[in-house]
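A short write-up of the structure that comes next.
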Amino acid sequence: MFARVGGVGSAAAIGAALENRIFYSCDFCSRPPHPVELLLNIVMGGAAGLAVIVVALELYRSKVARPHLSNDVPMGNNAPSMTGRGIGEGDDNTNLTEEFAKLIGPKKFSYEELMIATGAFANDRILGIGGFGIVYEGHVGNACTRVAIKVINPDSHQGIKEYISEVKSLSQLRHRNLVQLIGYYHKANKFILVYEYIGGGSLEDHLFKGRSLLTWEMRYNIVLGLASALHYLHNQCDQCVIHRDIKSSNTMLDEKFVAKLGDFGLARLVDHARGRKATQVIGTLGYVAPEYHQTGEASMESDIYSFGVVLLEIVCGRRVLDSELAEEGPGLVQWVWKHYGCRSWRGRWRRNFLRAVDKRLGKDFDKRQAEFLMIVGLWCAHPDARYRPSIEEAIAVLNLKAEPPKLPSKMPSFNI
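Under the UniProt record's numbering, the very last position in the sequence shown is 416; numbers go up by exactly one each time.
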């Protein structure tokens, strides 16, 4: 009789044919094995052991060689890649990660944090959809802080460039009238920006999309807030920040209707002494200064032009390109300038000029403020950049601390 005591190593994997040949105990009546049988057992056991070692080594080698794939971000050849000061080579965007690590202010979020913040990017969290991506509402910091999370479209090369520009620009900026960048995330083909949540919608929503009628006091304070933001960008930062895309849809309003300029995807940093930057013309039709459109050279003056256009939209309640104004001129600036030019005598001129004020306000506005604001708007939107004011000069008139300039009765033509 034989009773099984146990086996050694990987005996169970070798096969049932060898199972009865592995260390059995025996009673004193058992016969000793035949020499041929003993030799056969030794040879077969050695071969089986060698086979096990070879298989184990092969499995180990394949495991080590297999690349690690992240579960949160799809990897592949379609991941966007840029060179130079943009995105680094490879899926990990190493150069960009190292560059952003030097920035002070915005937090680098994990993808898991943003998934939790947006309910896995649920459709009912969508705040808006644009050409460069989707904006979601979310909560971060143990759900204590409400934020807006912008997911860049991975197929948009321009959107990814704007992601880089926004992180670099906004990380250096702190001002009451600027949208604050809270954090960012990037890996492979995912690029995400996290902003403070601005609950009042955009200036465009209130002026043109019926969200709510802005009172004159609100409008006046919005103008002063935008002017303050522009003064900060042009004069109070280490480098002059040229925004390049100031418009009503990029001006956000909080619950108290405080203006906050956002969307710094097109912004450029230049030395104060230089004050201008040769670049590709990117902006919005109607807000782009004529010389910038012609030369591709963005400047503080081109930002001032855009500010002037927005100022006129705020006072008049009309879009810069309004189909109702088509018979009187190609745009809002020309239309307001036409009202300004009717000056047969002072009283009648003022009444005619003030007819350009948003009719929805009725008589509920300050006439002197409205007059000064529209003149500053035309001054800033002067076709010739040499005759535009600095933001400091504009602010002095907006605050009624200086008299407005006397502009030509007819809108000047543009000349380079």
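Positions of the beta carbon are idealized from the N, C-alpha and C atoms, including for glycine. Please read all numbers here as calculations on a predicted model, not as lab measurements.
**Prompt:** Can you round the beta-carbon distance between D245 and G283 to whole angstroms, since I take them to be within the 8 Å contact cut?
**Reply:** Reading the sequence shown from its first residue, position 245 is the one you call residue 245. Reading the sequence shown from its first residue, position 283 is the one you call residue 283. Yes, D245 and G283 are in contact; Cβ-Cβ is about 5 Å, under 8 Å.
**Prompt:** Count the other CB atoms within 10 Å of the CB of Y387; is the residue buried (16 or more) or exposed (fewer)?
**Reply:** Translated into positions along the sequence shown, residue 387 becomes position 387. So Y387 counts as exposed.
**Prompt:** If you check the beta carbons only, do Q334 and M411 fall under 7 Å apart?
**Reply:** Here the question's residue 334 lines up with position 334 in the sequence shown. Here the question's residue 411 lines up with position 411 in the sequence shown. Yes, Cβ-Cβ distance for Q334 and M411 is below 7 Å.
**Asked** Would you call the segment 181 to 199 and the segment 150 to 159 in contact, with 3 or more CB pairs under 8 Å?
**Response** yes
**Asked** Should F307 and L230 be called a contact, given that it needs their Cβ atoms to be closer than 7 Å?
**Response** If you number the sequence shown from 1, residue 307 lands on position 307. If you number the sequence shown from 1, residue 230 lands on position 230. Going by C-beta atoms, F307 is nearer than 7 Å to L230.
**Request:** Give me the Cα-Cα distance between P106 and D205, rounded to the nearest whole angstrom.
**Result:** Counting from one through the sequence shown, the residue named residue 106 turns up at place 106. Counting from one through the sequence shown, the residue named residue 205 turns up at place 205. Rounded to whole angstroms, P106 to D205 spans 28 Å at the Cα level.
**Request:** Within the same chain, show all residues whose beta-carbon is closer than 7 Å to that of L366, passing over the 5 residues directly before and after it, in chain order.
**Result:** As a first step, residue 366 is located in the sequence shown; it is residue number 366 there, counting from the start. In the sequence as displayed, the identity of residue 366 is Asp instead of Leu. Result list for D366: W216, in chain order.
**Item:** K359 in three-state terms, based on DSSP
**Value:** Position 359 of the sequence shown holds residue 359. Of the three classes helix, strand and coil, the one that applies to K359 here is helix, per DSSP.
**Message:** Considering only their Cβ atoms, is the gap separating R211 from A201 smaller than 7 Å?
**Reply:** As a working mapping, residue 201 is identified with position 201 in the sequence shown. As a working mapping, residue 211 is identified with position 211 in the sequence shown. Correcting the residue type first, residue 201 is Gly in the shown sequence and not Ala. A contact, by the Cβ cut-off of 7 Å.
**Message:** Please report the distance separating the alpha-carbon of Y340 from that of A394.
**Reply:** Counting from 1 along the sequence shown, the entry for residue 340 is found at position 340. Counting from 1 along the sequence shown, the entry for residue 394 is found at position 394. Their backbone Cα atoms lie some 18 Å apart in a straight line.
**Prompt:** What residue range is occupied by the uninterrupted alpha helix (DSSP H) comprising Y197?
**Reply:** Translated into positions along the sequence shown, residue 197 becomes position 197. From DSSP, Y197 is part of no alpha helix (DSSP H); its letter is neither H nor E.
**Prompt:** Out of curiosity, what's the CA-to-CA distance linking V179 and D384?
**Reply:** To locate residue 179, count along the sequence shown from 1; it is residue 179. To locate residue 384, count along the sequence shown from 1; it is residue 384. Near 30 Å, if we compare the C-alpha coordinates of D384 and V179.
**Environment of E324 [buried if 16+ CB atoms lie within 10 Å]** = Translated into the one-based positions of the sequence shown, residue 324 becomes position 324. When all chains shown are included, E324 counts as exposed.
**Message:** Using 7 Å as the threshold, is the C-beta distance between E196 and G265 below it?
**Reply:** Reading the sequence shown from its first residue, position 196 is the one you call residue 196. Reading the sequence shown from its first residue, position 265 is the one you call residue 265. Not closer than 7 Å, so no.
**Which listed residue (H157, L253 and A117) has its alpha carbon closest to that of C144** = As a first step, residue 144 must be located in the sequence shown, where it is residue number 144. Closest by alpha carbon: A117.
**Message:** Tell me which residue opens and which closes the alpha helix (DSSP H) that L173 is part of.
**Reply:** Position 173 of the sequence shown, counted from the first residue, corresponds to residue 173. From DSSP, L173 is part of no alpha helix (DSSP H); its letter is neither H nor E.
**Request:** List the whole-angstrom C-beta distance separating A259 from L226, where the pair is believed to meet the contact cut-off of C-beta under 8 Å.
**Result:** Position 259 of the sequence shown, counted from the start, is the residue given in the question as residue 259. Position 226 of the sequence shown, counted from the start, is the residue given in the question as residue 226. Right, their Cβ atoms sit about 5 Å apart.
**Request:** Go ahead and pull the three-state DSSP assignment for F191.
**Result:** Working through the sequence shown from its first residue, we reach residue 191 at position 191. Looking at F191 - three-state DSSP - the assignment turns out to be strand.
**Asked** In terms of DSSP beta bridges, what is Y340 paired with?
**Response** Residue mapping note: residue 340 aligns to position 340 of the sequence shown, counting from 1. None; Y340 has no bridge partner.
**Request:** Taking the CB atoms as reference points, tell me whether D303 and I242 lie closer together than 7 Å.
**Result:** Position 303 of the sequence shown holds residue 303. Position 242 of the sequence shown holds residue 242. Their beta carbons are under 7 Å apart, which means D303 touches I242 by this criterion.
**Request:** Could you tell me the boundaries of the alpha helix (DSSP H) in which I242 lies?
**Result:** Along the sequence shown, one-based indexing puts residue 242 at 242. Looking at the DSSP string, I242 is not in any alpha helix (DSSP H); the run it does join, the beta strand (DSSP E), is C240 to I242.
**Request:** Would you identify the three-state DSSP class for E125, choosing helix, strand or coil?
**Result:** The sequence position of residue 125 within the sequence shown is 125, counting from 1. Reading off the sequence shown, one finds Arg at residue 125, where the question assumed Glu. If DSSP states are grouped into helix, strand and coil, R125 belongs with the helices.
**Request:** Could you tell me whether the Cβ atoms of P290 and F132 are closer together than 7 Å?
**Result:** Within the sequence shown, numbered from 1, the residue matching residue 290 stands at position 290. Within the sequence shown, numbered from 1, the residue matching residue 132 stands at position 132. No, the Cβ-Cβ distance between P290 and F132 is not below 7 Å.
**Item:** C342 burial status per 10 Å Cβ neighbour count (16 or more: buried)
**Value:** For this step, residue 342 is matched to residue 342 along the sequence shown. Looking at its Cβ environment, which holds fewer than 16 other Cβ atoms inside 10 Å, C342 is exposed.
**Message:** Only counting the same chain, and skipping five residues up and downstream in sequence, which positions put a Cβ closer than 6 Å to that of I375?
**Reply:** Here residue 375 refers to the residue found at position 375 when the sequence shown is read from its first residue. So the qualifying residues of the chain are P404.
**Whether A267 touches S165 by CB criterion (7 Å)** = What you label residue 267 is simply residue 267 of the sequence shown in a count that begins at 1. What you label residue 165 is simply residue 165 of the sequence shown in a count that begins at 1. The answer is yes: Cβ separation under 7 Å.
**Request:** Return helix, strand or coil for L96, following the three-state DSSP convention.
**Result:** Locating residue 96 in the sequence shown gives position 96, where the first residue counts as 1. Reduced to three states, the DSSP call for L96 is helix.
**Request:** Would you identify the three-state DSSP class for G308, choosing helix, strand or coil?
**Result:** The residue given as residue 308 occupies position 308 in the sequence shown. Helix at G308.
**Request:** Taking the CB atoms as reference points, tell me whether I314 and R176 lie closer together than 7 Å.
**Result:** For the purposes of this step, residue 314 is taken as residue 314 along the sequence shown, with counting starting at 1. For the purposes of this step, residue 176 is taken as residue 176 along the sequence shown, with counting starting at 1. Cβ distance not < 7 Å, so I314 and R176 don't count as in contact.
**Proximity below 7 Å, CB of R319 to CB of F208** = By 1-based counting over the sequence shown, the position of residue 319 is 319. By 1-based counting over the sequence shown, the position of residue 208 is 208. Yes, these two residues count as a Cβ contact at 7 Å.
**Prompt:** How far does the beta strand (DSSP E) with I152 in it reach, from first residue to last?
**Reply:** Position 152 of the sequence shown, counted from the start, is the residue given in the question as residue 152. From DSSP, the beta strand (DSSP E) with I152 extends over T145 to I152.
**Beta-carbon proximity check, S228 vs V310, cutoff 7 Å** = For the purposes of this step, residue 228 is taken as residue 228 along the sequence shown, with counting starting at 1. For the purposes of this step, residue 310 is taken as residue 310 along the sequence shown, with counting starting at 1. No, these two residues do not count as a Cβ contact at 7 Å.
**Message:** Is the beta carbon of L407 closer than 7 Å to that of L378?
**Reply:** By 1-based counting over the sequence shown, the position of residue 378 is 378. By 1-based counting over the sequence shown, the position of residue 407 is 407. For L378 and L407, yes; Cβs fall inside 7 Å.
**Asked** Is R351 helix, strand or coil by DSSP?
**Response** Your numbering for residue 351 matches position 351 in the sequence shown. R351: helix per DSSP, three-state reduction.
**Item:** Host beta strand (DSSP E) of A298 (start-end)
**Value:** Taking the first residue of the sequence shown as 1, we reach residue 298 at position 298. Where A298 is concerned, the enclosing beta strand (DSSP E) stretches over E297 to S299.
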